[in-house]
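Inspection log for the structure reproduced underneath, given as structure tokens.
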Amino acid sequence: MLRKFRNLLVTLAALLVFAVPALAQTQLAITCRCVADGVNSAQVQWLNEFVIPEFEKMMADQGNPVEVQLIEFGGSDEGLKEQYALDLSVGAGADVLGFDGFWIPEFVSANLLKPLDELAGGEVNDWEGWNRISLGLQELMGVEGKRYGIALGTDSRMIFYRKDMFREAGVRQWWAWQPRSWADVLEAARMIKETFPDAAVLQLNAGTAMGEATTMQGYFMVLLGTGEHMVTEDGKWIVRSPGILDALNFYKQVYVDENLGDARVQLLQDGRNRSFANFRDGNTAMLVEGDWFYRSVTAPGKEFAVTDRDVNMGWAAMPAKAPGEGLRGQDFVSISGGTGFVLNPNTTSPQEAWELLAFMNSQEALMAFQGIQPRIRVRDDVPVPENAFLTTTAQALLPLSTARPLAGIYPEVSFQAQLMTERVVSGEMSPEEAMNAYAEAVTELVGADNVIDLMP
Amino acid sequence: MQQRRSLLSIPASLLFLLPAGVFVFIFIILPFFWIAAVSFTNRTLTGRTAVDPEYVGLANYLRLFDPDRFLRSGEFGASLVITGQFVFFSAIVGQVLLGLLLAWFFFNRKGWVRETVQTLAILAWIMPDVVVAFAWFAFLDRDAGTLNQILSTLGIGKPDWLINLPLVSVIIFNTWRGTAFSMLLFTSAFGSIPPSHLETAAVAGANTWQRLRDIILPLIRTHIITDLILITLWTFNTFTPFLLTGGGPAFQTELVSIFTYRTAFKFFRFGQGSAVGMIMMLINLVFAIFYLFLLRRQQVKL
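Residue numbers (my numbering), protein chains in the order written: chain A, 1229 to 1684; chain B, 299 to 600.
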């Protein structure tokens, strides 16, 4: 009996001896929508191979040892957002969170996020990096002049096309195709359809299953081409307008009238991956996406890698409906978003969490990231490595680009826009009916005082 | 006869009940009242109303039953209609009737056919939801799915199940998924019928149908009612079809459970979501009371 008791004491003492140093070390966790060998795998590689070991070494040298753990989230963007909303509302979650910039306003108005300087102290504002990041890019992860996080980079959207299919169909200038209007896009699509009758020639995202990818890569890319945005200059939501109708009619022409795209892909739960597979397999000739599609999706070795990509895949700017009819009178349109990282206001070690975030966005760390996956970085002292695609698209498209409305209600309006396109491509409603249903739903969301009807 | 003495005194039994009582209170009763209270507010998880939700009276309920939109696709009424069809065809016709027929078919039979069919049915019942949904998603695929491979070999063509026949697809899926329970329940119910009843009927010249109608069904009536209660409630509340269709396309398979989820969690509108939850609970209660009433009447007659 006595011996048992003594054994117990020894075990407890041993546990204490081992446990105390472990507890003394600060623990940090990062979550991102990134999985090794899966979605955004370059981010995992960067965090695991560079950021975490180097940061731990740096902190240990400063006498403040830190242990960083990466939590890989493999679900959808919507799933991650849901997880964050629930985590943050009960005071849980990792210390540093991979975040899409457009979620920030609604999280901020619910007090689920705090500005960086409020959380980690005034020294945040003295960080050397702010001088290296333009104000526009700082605003990607901010609300009303307050910074909540730092963007990893920005992007732009365009048409990716398969040169091999264009050549076979005999499209003029297939090697450097650049449509000037929607009619040009449709004409090329019709030619390809003749050569490849079974192909889903054009992929313009529609429907609720693809979530925000429908609004950004699909609806906005046509809506902006009519010269309209989702909101007016003075912040009123446009609920009925000739532009919305034109955009929906374009969808109808592609998916319903001429069968130039596959409406099923828009409606199925795994539609987005199917659309990527179609492009990879030479079953889709044009696909509207962000530069992520080039950087990550179709990169060599990835699931949707395009064989001989440099030869077979090209890009073109998305034309307005007709030259000069795009947003701000432009001939071509694009829209940008930004993802990055924010700090969890519930973190028990805000100082260390901020130091990690700052380290991730140091020149050294971003240069290391360029070695893994070149991209337009937010810091102006991190040049883009020799990469013709990124340099030319950034130069051509970023000046033409615009951003989503910065409003907490935006995600719900965006869902209504996705639903509107779904109703048209599924043939459930005519463009007019779908627009009226959109108008009714958005009016209910934002109030009759905040909407505007532009129909003549 | 002396009344049997309880093993424990009343205070002692209360003491033993206490821990369970505390858990029931914290995890069932308290959340119930919380949800009832939230359903009268415009509380959300994100956005301004997360910080200071306002009391909105019956607005959440009135919105659900607004006659202008009640039956429009994607609204509560339409979702109830879809759920009604889903429950009738996949639960009552599908699971209960098919389960009864399977049990009847294999009653008093032995051999590998019975073993194989029962094992497969039970397998379909015990596999995890996500695995099953994934398998069915592949099975129903228009071009590469097993079902269409079979159908096109037979010259029937290749229907686009999840797009053109979404509700039929989830009904077949749910029937496949849950028939095992009814089958097992009825198999054991048949086992409880005294063999002499059936033998006597056979001697009297009753045919199969007469035996089923006049002997078996009346004797297992309580089993049928119990099965109906359970299957109806389960099917009414099931969420698994979401994994196949996500409630779409264009809300065509939006069951009330999916409607509730979309209202409460897609945009974190907890006020509206709670109101739907309350209505769903009331509907469940009506079902349960109706069946319990049938059950009780039956017992009195016996």
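Virtual Cβ for every residue (Gly too), placed ideally from N, Cα, C. Just so it is clear, the structure is predicted and the values come from calculations on it, not from any experiment.
| Item | Value |
| --- | --- |
| Which residues, in chain order, does the region 322-349 of chain B contribute to contact with chain C at a C-beta distance below 7 Å? | The displayed structure is made up of protein chains A and B, and chain C is not among them. |
| My understanding is that A/Phe1560 touches A/Met1546, with C-beta atoms under 8 Å, so please give their C-beta distance in whole angstroms. | 6 Å |
| Report the residue from A/Glu1583, A/Arg1408 and A/Lys1530 whose alpha carbon sits nearest the alpha carbon of A/Ala1544. | A/Arg1408 |
| What distance in whole Å lies between the Cβ atoms of A/Ala1669 and A/Gln1644, which are believed to be in contact at a cut-off of 8 Å? | 5 Å |
| Can you find a C-beta in chain A that's less than 7 Å from the C-beta of B/Phe540? | no |
| Would you kindly report the start and end of the unbroken beta strand (DSSP E) that includes A/Gln1646? | Segment Tyr1638 to Val1653 is the alpha helix (DSSP H) holding A/Gln1646; no beta strand (DSSP E) there. |
| Check the DSSP bridge columns for A/Lys1549 and list the partner residues they point to. | The partner list for A/Lys1549 (beta bridge, DSSP) is empty, contrary to what the question assumes. |
| Classify B/Lys408: buried if its beta carbon has 16 or more other beta carbons within 10 angstroms, exposed otherwise. | exposed |
| State the start and end residues of the unbroken beta strand (DSSP E) segment that holds A/Asp1681. | Val1679 to Asp1681 |
| Does B/Ala376 get closer than 7 Å to chain A when you measure Cβ to Cβ? | no |
| For a contact meaning CB atoms closer than 8 Å, what does A/Ser1335 contact in chain B? | Note on identity: in this sequence residue 1335 of chain A is Phe, with Ser being the wrong assignment. Near A/Phe1335 (Cβ distances below 8 Å), the residues of chain B are Thr344. |
| As an exercise, report each continuous alpha helix (DSSP H) stretch of at least 4 residues that is fully enclosed by the region 1544-1595 of chain A, in chain order. | 1578-1588 |
| Just grab the DSSP bridge partners of A/Gly1381 for me. | A/Thr1567 and A/Arg1605 |
| Tell me, please, whether the CB atom of A/Gln1497 is closer than 7 Å to any CB atom in chain B? | yes |
| Is there a Cβ from chain B that is less than 7 Å from the Cβ of A/Arg1502? | no |
| Going by DSSP, what residue range makes up the alpha helix (DSSP H) through B/Met481? | Pro464 to Gly489 |
| State the DSSP-derived secondary structure class of A/Thr1512, mapped to helix, strand or coil. | coil |
| Considering just the uninterrupted stretch of the alpha helix (DSSP H) at A/Leu1625, what are its terminal residues? | Ala1616 to Leu1625 |
| Using a beta-carbon distance below 7 Å, is B/Phe537 in contact with chain A? | no |
| Using the C-alpha atoms, what's the distance from B/Phe591 back to B/Val604? | This structure leaves residue 604 of chain B out entirely; chain B is present only between 299 and 600. |
| Check whether the Cβ of A/Ser1688 lies closer than 7 Å to any Cβ atom in chain B. | Outside the modelled stretch of chain A, which goes from 1229 to 1684, sits residue 1688 of chain A, for which no answer is possible. |
| How would you label B/Pro493, buried or exposed, when you count the other beta carbons within 10 angstroms and need 16 or more for buried? | exposed |
| Mind pulling the chain B residues with CB within less than 9 Å of A/Leu1340? | Leu343, Thr344 and Ala348 |
| Figure out for me which residue from A/Gly1326, A/Tyr1312 and A/Phe1327 has the closest Cα to the Cα of A/Ala1320. | A/Tyr1312 |
| With 8 Å as the C-beta to C-beta threshold (strictly closer), list the residues of the region 1647-1661 of chain A near chain B in chain order. | Leu1647, Glu1650, Arg1651, Ser1654 and Glu1656 |
| Pick from A/Arg1632, A/Gly1435 and A/Glu1456: whose alpha carbon is nearest that of A/Leu1682? | A/Glu1456 |
| Which one of B/Gly545, B/Thr536, B/Leu483 and B/Val554 has the shortest CA to CA distance from B/Thr520? | B/Leu483 |
| In chain order, what residues of the same chain lie with their CB nearer than 8 Å to the CB of B/Gly355, ignoring the 5 residues before and after it? | Phe338 |
| Taking all protein chains shown into account, do 16 or more other C-beta atoms lie within 10 angstroms of the C-beta of A/Glu1583, making it buried, or fewer, making it exposed? | buried |
| Under the three-state reduction of DSSP, which class applies to A/Phe1255: helix, strand or coil? | According to the sequence shown, residue 1255 of chain A is Gln rather than Phe. In the structure shown, A/Gln1255 sits in a strand (DSSP, three-state: E or B). |
| Assign B/Trp332 to one of two classes, buried (16 or more other C-beta atoms within 10 Å of its C-beta) or exposed (fewer than that). | exposed |
| Contact criterion: CB-CB distance below 7 Å. Does A/Ala1397 meet it with respect to chain B? | no |
| Pair every Cβ in the region 1465-1479 of chain A with every Cβ in the region 1351-1360 of chain A, then say whether three or more of these pairs are closer than 8 Å. | no |
| Do B/Ala478 and B/Trp423 count as a contact pair if the criterion is CB distance below 7 Å? | yes |
| Taking the straight line between their C-alpha atoms, what separation do you get for B/Thr533 and B/Phe471? | 12 Å |
| Should B/Leu600 be flagged as near chain A, meaning a C-beta pair shorter than 7 Å? | Interpretation of B/Leu600 is limited by its pLDDT of 44, a score under 50 that renders its predicted location unreliable; the figure taken from the coordinates is listed afterwards. B/Leu600 does not count as touching chain A. |
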